[in-house]
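A.B. asks: There's a structure below that I have some questions on.
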Amino acid sequence: TAGFVIAVDGPAAAGKGTLARALADAYSLPYLDTGLLYRAVARRVLDAGLRPEDAAEEAALRLVPEDMQRNDLRVPEVDRAASIVAAQPAVRAALLERQRVFGREGGAVVDGRDIGTVVFPDAPVKLFITASSQIRAMRRHNQLNVGVELEGAALEAAIAEIESRDTRDSQRDVAPLCPADDALTINTDGMSAAEVFQKACDYIALRR
Ligand code: C5P
């Protein structure tokens, strides 16, 4: 059985990580970014000269903690490859127990795509964090390129990239991205990180 788990799901660049880290801090819980697991599998596959479409189960079974600490996991080729390996049922199965172990006993804040639906279906708090693809593309860009405006064709390309990842994540057969029936959905368009955090805390106060 799991401890007090706060599940934070949603599409790419919606602000899950920012919220999850703030909640982990506020409630003194460990934080697990499950996207890093899929990114690390993708990195191993690419480094081995394989295609992410090919079977990646072995890479998932061989993951070691250091793989999640590499500094080349948040690059565009890994964004794309991670969502491709993540569609393979054998990869998801290989990573499932690792995620569950993390939430056992003391509890945790866990962010991903299927945390409230598959990994911790009994979590007492499930948040689904979303935002329009335009806002998410701009937020992601601003994290990486401080001071440079995203506009015109570059903005269109960034939106298209985020939407193709959303489509892969939402339309796969196994553990697709979707809110759990009992999740609180927060659309963060027009909200500051502090406002999202406050809304989540108000909700958690009712569920503890
Ligand atoms: O959250 P992040 O963007 O780092 O995740 C990278 C990719 O890993 C996602 O696009 C998704 O395909 C996959 N993922 C997943 N299930 C999770 C977390 C991430 O399928 N729980």
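For what it's worth, the UniProt record's numbering labels the leading residue of the sequence shown as 2, then goes sequentially. Even for Gly, the Cβ is constructed at its ideal location relative to N, Cα and C. The structure displayed is predicted, hence computed values, not measured ones.
1. So what does Val111 bridge to, in DSSP terms?
2. Distance check for Ala158 and Leu152, CA to CA, integer angstroms please.
3. What is the residue span of the alpha helix (DSSP H) that Thr19 lies within?
4. Tell me the residue span of the alpha helix (DSSP H) that contains Phe103.
5. Return the chain-ordered list of same chain residues with a C-beta closer than 6 angstroms to the C-beta of Thr186, the five sequence neighbours on each side being excluded.
6. On a Cα-Cα basis, can you pick out the residue from Ile160, Lys127, Pro125, Asp123 that is closest to Arg141?
7. Let me check one thing: in DSSP terms, what residues is residue 220 bridge-paired to?
8. Going by alpha carbons, who is nearest to Arg40 out of Ala87, Glu54, Ser193, Val6?
9. Counting along the chain, where does the alpha helix (DSSP H) carrying Arg137 start and finish?
10. Between which two residues does the alpha helix (DSSP H) holding Ile116 run?
11. Using 8 angstroms as the limit for Cβ to Cβ distance, is Arg93 near chain D?
12. Okay, do the stretch 85 to 102 and the stretch 113 to 131 touch, 3+ Cβ pairs below 8 angstroms being the bar?
C.D. replies: So, to answer that:
1. Ala8, Leu33
2. A small fix is needed here, since residue 152 is Glu in this sequence, not Leu. Looking at the two C-alpha atoms, the distance is approximately 10 angstroms.
3. 17 to 27
4. 90 to 104
5. Phe129, Pro180
6. Ile160
7. One cannot answer for residue 220 here, as it falls past the ends of the chain, which runs 2 to 209.
8. Ala87
9. 134 to 145
10. First-last for Ile116: undefined, no H or E at that position.
11. In the structure shown, chain D does not exist; there is a single protein chain.
12. yes
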